[in-house]
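Protein sequence lines correspond, in order, to chains F and C. Mapping of the first sequence onto my numbering: position 232 corresponds to residue 230, and the numbering continues sequentially without gaps. Just add 964 to the spot in the second sequence (first one is 1) and you have my numbering.
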Amino acid sequence: MFKEFFLLEIKSALKRPMVYIFFLIVALLSFFAVITDSITIGGSVGNVMKNAPVVITQFVGVFSIIGVLFAVAFFNNAALRDYNNQFNEILFSTPISKASFLFGRFFGALMLSTIPLLGVYLGVVLGSSLGPILGSVSAERIGPLFLETFVNNYLLFILPNMFIAGVIVFALAIKFKNTVVSFVGAFGLIVAYSIAGTLLSDVDNETIAALADTFGDRAWTVESRYFTPMEKNTVSPGFSGILFLNRLVWLGIGAIVLIVTYLNFSFKEKQSKAKKQNVKNTTFQLIQKPQVSEAYSSWLQFSSFFKISFLNIFKSVVFKVIFLFALILLVSNIVGGYEYFGLKSYPLTYIVIDMINGSTTIFFIIIIVFFSGELVWNDRSSKIDEVINATPHSSISSLLGKVATLVGVSTFLYIIFSVIGITYQLILGFTFIEFGLYFTNYLYEFLPNYLFFSILFTAIQVFINNKYLGYFVAVLLTFLLDIILFALDVNTNMINLGSRPSLSYSDMNGFGPGALSASWFSTYWLLFGGILLVLSAVFWVRSTGGNAKTRWKLVRVNLKGRNSLILAVVSILWLGTASYVYYNTQILNSYETRDEQEQISVDYEKQLKKYESITLPKVKEIVYTFDIFPNKRDVKAKADLIVKNESNKAIDSIHYNINSDTDPKFTIPNGSLVFDDERLGYRIYELNSPLQPGEFMKIKIEVDYISEGFENGRGSTNIVRNGTFLNNRVIPQMGYNSGAEIADKNDRIKFELPPKSRMPALYEGDSCTADCMTNYLSEGRSDWIKTETFISTSSDQIAIAPGSLVKEWQEGDRNYYHYKVDEPSQDFCSFISADFEVAKRDWNGISLEVYYDEKHAYNTDLMLDAIQKSLEYYIENFGPYYHKQARIIEFPNYSTFAQAFPGTMPYSESFGFIIDLEDTTKNNVIDAVVAHEMAHQWWAHQLLGANMQGGTMLSEAFSEYSSLMVMKQKKSPLEMKEFLNYDFNRYLRGRGGETENELPLYKVENQQYIHYGKGSVILYALQDYIGEDKVNLAMSNFLAEFRYKAPPYPTSLDFLRHLEPQVPDSLNYLIEDWFKSITLYDFRLKEATYVKNETGKYKVTLEMENRKLKADTVGNEIEVPLNDWVDVGLFKDSEGKELLALERIKFNGNMQSYTFTVDTIPAKAAIDPKRILIERVYEKDNFNTVSEKE
Amino acid sequence: MATLSIKNLSKTYPNGVKALNNVSIEIENGMFGLLGPNGAGKSSLMRTLATLQEADSGSAFLDDIDILNNPTELRQVLGYLPQEFGVYAKITAEQLLDHICLLKGISNRKERKELVGYLLQKVNLYDKRNKSVKGFSGGMKQRVGIAQALIGSPKLIIVDEPTAGLDPGERNRFHNLLADVGKEVIILLSTHIVDDVRELCSEFAVMNQGEIVYHGAPKDAIFELKGKVWQKSIEREELEEHQKNHQVISDKMIAGKPVIHAFSDINPSDGFNLVEPSLEDVFFVKTKLNQVVVSV
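Here it is, written out as structure tokens:
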């Protein structure tokens, strides 16, 4: 009997959609949490793999708590189904045993409620395999999966948690026979869990807190707290320790409750308390059937359909569960906050809206897909279809009612979520709430999307006329059409259902350049939706049994009158819109598809590579003229160049790369156009009289960027209404551009291109001349040159280019500025225009300036401080600053970076301007970024590496190191560990994801994980070993030799030449180990014990096992003898915040022991306590607790 | 005076079953009963007339409304209760009726409220108007179904087995309700409860295997059988033999013993007694005996 009830419970539920919907929700959320960073479950995962066992456990933990709501649906149903169907009297009078009935149902429901949580597994497995293919997560962030993780999570979290929740819901349901009570009970369980968490966080005894946790989540937190990243990536929760104990305790409690429920349950229905009768209204008396008038109103019919459908959704269990689920996820994400370098943003409205979108979008999609089917099939599944169909309503009002319901329900949720967002802002004391933005976001982003998909899915259900096939098609269209069109290289939004350019909101620039295009595409799709809707109404045959002929007859009947008129009008509007959209996106603003672009790159290389080494004149002086028209989104740019033949032979032609969207005008004396390939964007001008060696020539280039109509995509985010940000590359550049070649190794094989090296090899001879004539920035087109800019913009904006402001004037309704770069610099200029506020400070004759949006005044003082601190340190340690100004300029958040131009640093809106830095103990991202960009004013703008291996070390590694040193001014070495940690992990993660060769630091090939990550750690360690002053001296000597110096440009070997004299002989091995090879350490502190000696002091002995490894470029490691200086230390506290003793000792061989004599008992001991040496993995095994020797 | 005129209506289902076989009939004002065994085609006919099923051939007109080709016009004067009447979960009786009122074009809020109140009171559900219909018993749901069929001022009311599941009291109530609807309306009522027809209908038809096998007034039909229905109380094991020897039209249990009715123009003797024919006998004669016998 038990078996029958058990199986029946499962089988009957599997026939209904609920279990699949819940499963799908969990699977999709987990999938997206793995493949993107925008969806998080239970907070961000930090540095570990996106699919690490701890991450999966985190997903399972979170879902098994929220999943209590699933449990309600299944257990409540199991307990109450017979009562609801009034089947109880029949059932309970049959000779079934109470135990098999009750337990069969219970365990059936238990199995069922664990199914949705298995969605985590599907999501993680799919995400791990598809994520890297889709390119939304890099392969280096995906680790191996372990069967153990899945099995143990099921047995330790999913099953027990559903059991505990189930016991409570089941008991409540049987006792009260009321769904609402069951829901409240489950909700109460979640609330009690979170409240208990807060209360118990003060409990000193971790064990009690861990045991008191109903869901085992906190017990696991306690257990995994000190996991190293390595452990996080490999260790699954197991059947031991506090977690296992917790599970046993709660399973026991659950079992007791279940037994009590069983003992109290009886088939005999208890005399249910007479329900309070509704107070009877005065009896209604009408003898005669009242006369009524008939006036068909489509509007009233529509609203009645809307009302009925809305009530149906609103009162359904599925909706309630989805709603609560979304709510809990949103609230936990909001409270968890917007993580960003361990910092949070101010809760600006658009950030909060982003957070709402991130946590809830998937629920809206599910609601629309699922309920579109429910609504279309509601009449039939309620068996009221014949009655409704036989009434004289118009099908279109019924369908519109359903669509309006879907949109209405979504809107209702949007409002609730917005209110939560606003509440959150207010709770944080943030009062600048942009109510209008909640509304415009609804209007621009939300409504067009969800309205269209509501129509589409409703129409699909009508046309497919099979509910589950309809769901399948809807899901297929939503998720697969993108992939199919991608594969077919179809890029237009006109074919991909409902698609339009994505908008991203910026405080500076609103919904941005894509808003116009998005609105047109929305109109296009909504009109298309209109056609679909009318057609569905026409084809929605309300009678059965017809054949094709009679159907067609009915369609013709349906088409008569109003429907055909509507159809005609909507179709004409749609066709009109379609032509206009087509004209704008395909003709006026044509574009190349991905495949076409690839082919152009291939042809460019194949046809033009022969010009790579031709001799061209060098640019010696440039005057830029930029006229920016923000309202029209137009820019007219001009460059007046003076070029010189610096070679020793005559130059007879000049080559230019052209952006194929533009038609620049060149004025080249004696030049005539002899080659012009518009597709590849390449022109050759022949000089009638060749330019002789040493001769100068003037060239004028004019190029206009004119925005016309709207584009298929978002359009340029560089030329925008507020926050235009261009660099000098908008002017055509001379010569063959090897950067346009296809870089991907496999693509090159596919197109039969020869292998391409990432960078020219490091010149290892004595003095580099011929090979060092170009740097990696201007690539030989120019060297240190004079630059000035005339720039104009509209009267409400400020326009900025590098250099000192020479003159500023107004003419007509435009603002004009003339800037001149103070010192000849590399040709690397930014041109910016926006409506700025300006914060200024004068420091020793240098004007420190921050240009910012009026809404973002939060951190401007910190930025000025950061500039000043950087200037102080760099001038003292590296040498003078050659500009009269240091500017930070905000630009819209279409990108997240900061970049250094001479004296001028554009800085993204979302990269510091809105970060909450009020808690000064936390990392200060502004200090870090500003100091880095300021350092580039020395390391890149005064000295630039030759275009070969190792070149970027001299700018990026040096800047990152400089930035660390500025921050070190205010922090202790142990506090610096926090910063170093980022760089450390960046390197270790990066080398794991290297697809070609990892190179030693001095040969870095523009590999970010090496020049930022490894470079900064090594230079930082170096200053710890040989002294800050020595490293800085080597750097300033190096700078002195090459500052603003004409080519040849320096190489990394030139720096090492300056470094060597500063390194004592005993540490000479560091240059070889750290710069010239890939060296990794592996330290393990096996044991740390103390004994008290006769004098009352403590002898602390460290037993260590250490190794030193050298890796080759493909990751093979060989062990080498260890004979190195390494720090060992003792901590006073177990958190490792305060050092008691620190010694640098020589490690000889693998086994090492060392004894300290100290006054007090240390809590912990460590090898390399400052964490400045690069270990193979960033583990905690070089720390250990000090215990008394036995 | 409305006339429902059906001519040569035929419908064959894809599985070959002839649901309607050349049905022709004219129905005028008043209550018209449709009798027939399960699968006779009653529901097919009614659903066709309710614009819910398409016919292969033939025509059906309500006065000058072409039902088959102009469903919308018919729906404006139609009240329909299907054989199986379900309801939306979570919607109260009042909300449901209000919704259907609107669909039937009763747009005036006050009139709607009055009408819904009147109908709920008539079907004895006024006290439960704020309850979700889902929780109603089968009979209560059926009463809601009846109420909705009466909404508006229909000219044609089609009710498919309306009394199924009603207790005798409710059935009487329903009969009274239909009687109240007025004489200006055609009420087409299908049932297998012969008493419904006897009590309510001035005219009726018997359907079998997609055809109308009888059409007339109940009393005429009974009169036709006068002197031709014979009854005998037998033992169970004798049934087969009697069926072989006589045209047995029905056998049922009375006080625990089988009682059979046989059709015969003359006294079959063998212990049969002449009985007054009932409408039930008409039903069985028309549906069980073959055409030849009936035409006798």
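C-beta atoms are modelled at their ideal positions from N, C-alpha and C, and glycine is treated no differently.
Inclusion of C:I1115 and C:L1026 in the CB contact set at 8 angstroms is not warranted, their separation being larger than that value.
C:M1217 counts as exposed, since fewer than 16 other C-beta atoms from the protein chains shown sit within 10 angstroms of its C-beta. A straight-line Cα-Cα distance of about 15 angstroms links F:F509 and F:F433. Going by C-alpha positions, F:T205 is about 25 angstroms away from F:V149. Shown here, F:L869 sits in a helix according to DSSP, grouped into three states.
Note on geometry: alpha-carbon atoms of F:T858 and F:E976 lie some 24 angstroms from one another.
Here the alpha carbon of F:V255 sits roughly 8 angstroms from the alpha carbon of F:A169. Within chain F, the residues placing a beta-carbon under 7 angstroms from that of C:R1039 are A388, T389 and P390, ordered along the chain. In the three-state DSSP reduction, F:G990 falls in the helix class (H, G or I). Any Cβ of chain C closer than 8 angstroms to the Cβ of F:T542 would place that residue at the interface, and such an atom is present. Taking a contact to require three or more Cβ pairs closer than 8 angstroms, the segment 1027 to 1047 of chain C and the segment 370 to 379 of chain F do not qualify as touching. Closest by C-alpha distance to F:A768, out of F:Y1047, F:S957, F:A884 and F:G949, is F:Y1047. Sequence-distant Cβ neighbours of F:E676 in its own chain, meaning closer than 7 angstroms and more than five residues away, are S658.
Taking every protein chain shown into account, the CB of F:I257 has fewer than 16 other CB atoms within 10 angstroms, so this residue is exposed. Using a C-beta cut-off of 8 angstroms, the segment 983 to 1000 of chain C makes contact with the segment 1166 to 1174 of chain C, since at least three inter-stretch Cβ pairs fall below that distance.
Interface flag for F:I351 against chain C is unset, since no Cβ pair is found closer than 8 angstroms.
When C-beta distances to chain C are compared with 7 angstroms, the residues of the segment 292 to 317 of chain F below that value are E292, A293, Y294, S295, L298, Q299, S302, I306, L309, N310 and K313, in chain order.
Remark: C-beta atoms of F:A955 and F:A864 do not approach each other more closely than 8 angstroms.
The CB of C:L1066 comes closer than 7 angstroms to the CB of L298, Q299 and S302 in chain F, given here in chain order. Here F:W572 carries a helix assignment [DSSP, helix/strand/coil]. At least one CB of chain F lies nearer than 8 angstroms to the CB of C:P1046.
Inter-segment contact for the segment 909 to 925 of chain F and the segment 938 to 945 of chain F is absent: fewer than three beta-carbon pairs are separated by less than 8 angstroms. Rounded to the nearest angstrom, the gap between the Cα atoms of C:K1190 and F:S10 is 56 angstroms. At a cut-off of 8 angstroms, the C-beta of C:K971 has no neighbouring C-beta in chain F. Judged by beta-carbon spacing, F:E888 lies beyond the 8 angstroms limit of F:D914, meaning their Cβ atoms are not closer than that value. Take F:E1141, set aside five residues on each side of it, and the residues of its chain with a beta-carbon closer than 6 angstroms to its own are V1126, in chain order. Contact note: F:P288 reaches chain C through E1075, E1078, L1079 and Y1082, using a C-beta cutoff of 7 angstroms and chain order. In chain order, F3 place their CB closer than 7 angstroms to the CB of F:F99, counting only its own chain and leaving out the 5 sequence neighbours on each side.
With the criterion set as a beta carbon lying under 9 angstroms from some beta carbon of chain F, the members of the segment 1012 to 1034 of chain C are T1012, A1014, T1015, L1016, Q1017, E1018, A1019, D1020, L1032, N1033 and N1034, in sequence order.
Taking a contact as a CB-CB distance under 8 angstroms, the pair F:G164 and F:L108 counts as one, their CB atoms being some 5 angstroms apart. In this structure F:Y959 is in contact with F:L1017, their Cβ atoms being roughly 4 angstroms apart against a cut-off of 8 angstroms. DSSP places F:E1117 in the uninterrupted beta strand (DSSP E) bounded by E1115 to V1118.
Inside the segment 314 to 370 of chain F, DSSP marks whole alpha helix (DSSP H) runs of 4 or more residues at positions 315 to 334, from first to last along the chain. In terms of Cα proximity to F:L1171, the closest of F:E1115, F:V1089 and F:D1071 is F:D1071. Contact check for F:M757 and F:N1004: beta-carbon distance about 7 angstroms, within the 8 angstroms limit, so the pair qualifies.
Look at the segment 56 to 75 of chain F: it has no residue with a C-beta under 9 angstroms from a C-beta of chain C.
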